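Quick mapping for you: the protein sequence lines, in order, are chains A and B. Heads up: the first sequence begins at 1 in full-length UniProt numbering, then just goes up one per residue. Heads up: the second sequence begins at 1 in full-length UniProt numbering, then just goes up one per residue. Read through the structure below, which is laid out as structure tokens, and then see the notes.
2 protein chains.
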Amino acid sequence: MSSLKPCVEALYEGVGRVADRIPELPKSEVVLVRLLMLTAGALLREFEDRLKPHGLNDSDFRTLMMLYSSEDGSATPSELCVLAEQKPTNMTRIANVLAKRDLISRSHATHDRRQVLLRITPAGRRFVAKLLPPMFPAVAESFACFSATERKTFEKLLKKLALHIDRTVDTDACP
Amino acid sequence: MSSLKPCVEALYEGVGRVADRIPELPKSEVVLVRLLMLTAGALLREFEDRLKPHGLNDSDFRTLMMLYSSEDGSATPSELCVLAEQKPTNMTRIANVLAKRDLISRSHATHDRRQVLLRITPAGRRFVAKLLPPMFPAVAESFACFSATERKTFEKLLKKLALHIDRTVDTDACP
DNA sequence: GGTAAATAGTTCGCTGGTGAACTATCAGGT
DNA sequence: ACCTGATAGTTCACCAGCGAACTATTTACC
């Protein structure tokens, strides 16, 4: 399948050679970015492979999970856009897919008739409850190389990075 | 732009609520997967925004960089597919794009006439040399929240994870 | 109360990426 | 030499996601 080892090796060699020609290159940061994307990409592909037999892709599933895990099982498209990192355009398509399969229902909000209310159906909940457990072993296995301490450290650093990048992008956009 | 903070918060809350209903849920692993994808996604989007003015996307650029950073400035499409994590179909398109802009050249390998040899042109090298340096500050800033030790730790863990996942996926495919 | 600006969602046309089918070349056994 | 199967790359038809333009509703301001 998608073998990461050659990529990782080539990454280190390649960055070294580029740095020979362009010495200002921030080597360790570039390595981090690419490692991050490599890893995330591999995990995503594996996950989507497991989802495909059920006719969903990651964004569809993520959206459904947002509803499943929300306080009252409902949300508006715009809320879901923020949480599932999607653009409104695509959220319309996702809602269409999920609604067609009766995993969610569509209705109008009463207090603001522009808004649409998406709600997970009982069938949607059953679907999630059937779908999730078989995936647990694979997810656990992905991080089996980490000790409990390492997992904790990794999570702490990742979270710190995520929130830092968030701030960076925001301030980039404003001035 | 794409604010991560609400996503991160919703992630922790959501995983908690799901675990209430499905107790076997491997909470910390799920959090890690999503954090990883969230972060990688945000970095990718930011990077592509900086690339867009030059008319390239991430895969195009990554492919060009593979040639730039290779031993002799050349490679076959299949080699690039492995290194840039692309399917042959898409590599054809990428090669078309880069060749049309004279950043790379196409020729046939002599010893095996099935193979195509892609080679970065002098113009391609100049393009990379012009393009890269202005991006360095942003890349450095992305990881500015890390101390030197943290960066080192993070890289070590990421690399370990990448190689572990690699092995996992491989052995998954075989039996 | 009525017009202007903002907001929620959808539709449309386009780009990027994929699997399946195809062509051309090479390698191996007979 | 010749057929079989593998390999490198391309073409084609399709899906997912995006920006721009549009509709419907709400809010703000005079």
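A virtual CB, placed ideally from N, CA and C, is assigned to each residue, including glycine. Model, not experiment: these values are computed from the prediction.
Inter-residue Cα distance where the pair is V139 of chain B and L64 of chain A: Position 139 of the second sequence holds residue 139 of chain B. Position 64 of the first sequence holds residue 64 of chain A. When rounded, the distance between both Cα atoms is 34 angstroms.
Closer than 7 angstroms at the beta carbon, the chain B residues around K159 of chain A: Within the first sequence, residue 159 of chain A is the residue found at index 159, counting from 1. Ordered by position in chain B, the residues that pass the 7 angstroms Cβ test against K159 of chain A are V8 and L35.
Local Cβ density within 10 Å of R34 of chain A, reported as buried at 16 or more and exposed below that: For the purposes of this step, residue 34 of chain A is taken as the residue at position 34 of the first sequence. The residue in question, R34 of chain A, is buried, as its Cβ has 16 or more Cβ neighbours within 10 Å.
Residue-level contact to chain B via CB, A99 of chain A, 8 angstroms cutoff: The residue labelled residue 99 of chain A in the question sits at position 99 within the first sequence. Judged by the 8 angstroms Cβ criterion, A99 of chain A is not in contact with chain B.
Best match in A:E24, A:R151 and A:A129 for proximity to A129 of chain B [C-alpha to C-alpha]: Locating residue 129 of chain B in the second sequence gives position 129, counting from the first residue. When only C-alpha atoms are compared, the closest one is A:E24.
Helix, strand or coil at R126 of chain A [DSSP, three-state]: Taking the first residue of the first sequence as position 1, residue 126 of chain A is located at position 126. Reduced to three states, the DSSP call for R126 of chain A is helix.
8 angstroms Cβ cutoff, F61 of chain B in contact with chain A: Within the second sequence, residue 61 of chain B is the residue found at index 61, counting from 1. No, because no Cβ of chain A sits closer than 8 angstroms to the Cβ of F61 of chain B.
Sequence-distant residues of its chain with Cβ nearer than 7 angstroms to D60 of chain B (five each side left out): Reading the second sequence from its first residue, position 60 is the one you call residue 60 of chain B. The answer, listed in chain order, is I94, V97 and L98.
Residue range of the beta strand (DSSP E) that includes L117 of chain A: Taking the first residue of the first sequence as position 1, residue 117 of chain A is located at position 117. Segment V116 to I120, the beta strand (DSSP E) holding L117 of chain A.
Expected contact under 8 angstroms - CB spacing of residue 179 of chain A and I165 of chain B to nearest Å: Residue 179 of chain A lies beyond the range of chain A shown here (1 to 175); nothing can be said about it.
Member of B:H108, B:F47 and B:N57 whose CA lies at the smallest distance from the CA of S142 of chain B: Translated into the one-based positions of the second sequence, residue 142 of chain B becomes position 142. Of B:H108, B:F47 and B:N57, the residue nearest in Cα terms is B:F47.
Cutoff 8 angstroms: R151 of chain B Cβ touching any chain A Cβ: Stepping through the second sequence from its first residue, residue 151 of chain B is reached at position 151. It does; some Cβ of chain A falls within 8 angstroms.
C-beta neighbour in chain A for P175 of chain B, strict 8 angstroms: The residue given as residue 175 of chain B occupies position 175 in the second sequence. Annotation note: pLDDT 32 at P175 of chain B (below 50); position unreliable, coordinate value reported separately. False, the Cβ-Cβ gap to chain A never drops below 8 angstroms.
C-beta neighbour in chain A for K5 of chain B, strict 8 angstroms: Mapped onto the second sequence, residue 5 of chain B falls at position 5. Yes, because at least one Cβ of chain A sits closer than 8 angstroms to the Cβ of K5 of chain B.
Cutoff 8 angstroms: H54 of chain A Cβ touching any chain B Cβ: Position 54 of the first sequence holds residue 54 of chain A. So, not an interface residue.
One or two residues paired with S105 of chain B in a DSSP bridge: Taking the first residue of the second sequence as 1, we reach residue 105 of chain B at position 105. Paired residues: B:R119.
CA-to-CA distance, I104 of chain A to R21 of chain B, given in whole angstroms: What you label residue 21 of chain B is simply residue 21 of the second sequence in a count that begins at 1. What you label residue 104 of chain A is simply residue 104 of the first sequence in a count that begins at 1. Their backbone Cα atoms lie some 19 angstroms apart in a straight line.
Boundaries (first-last residue) of the alpha helix (DSSP H) holding E13 of chain A: Your numbering for residue 13 of chain A matches position 13 in the first sequence. From DSSP, the alpha helix (DSSP H) with E13 of chain A extends over K5 to R21.
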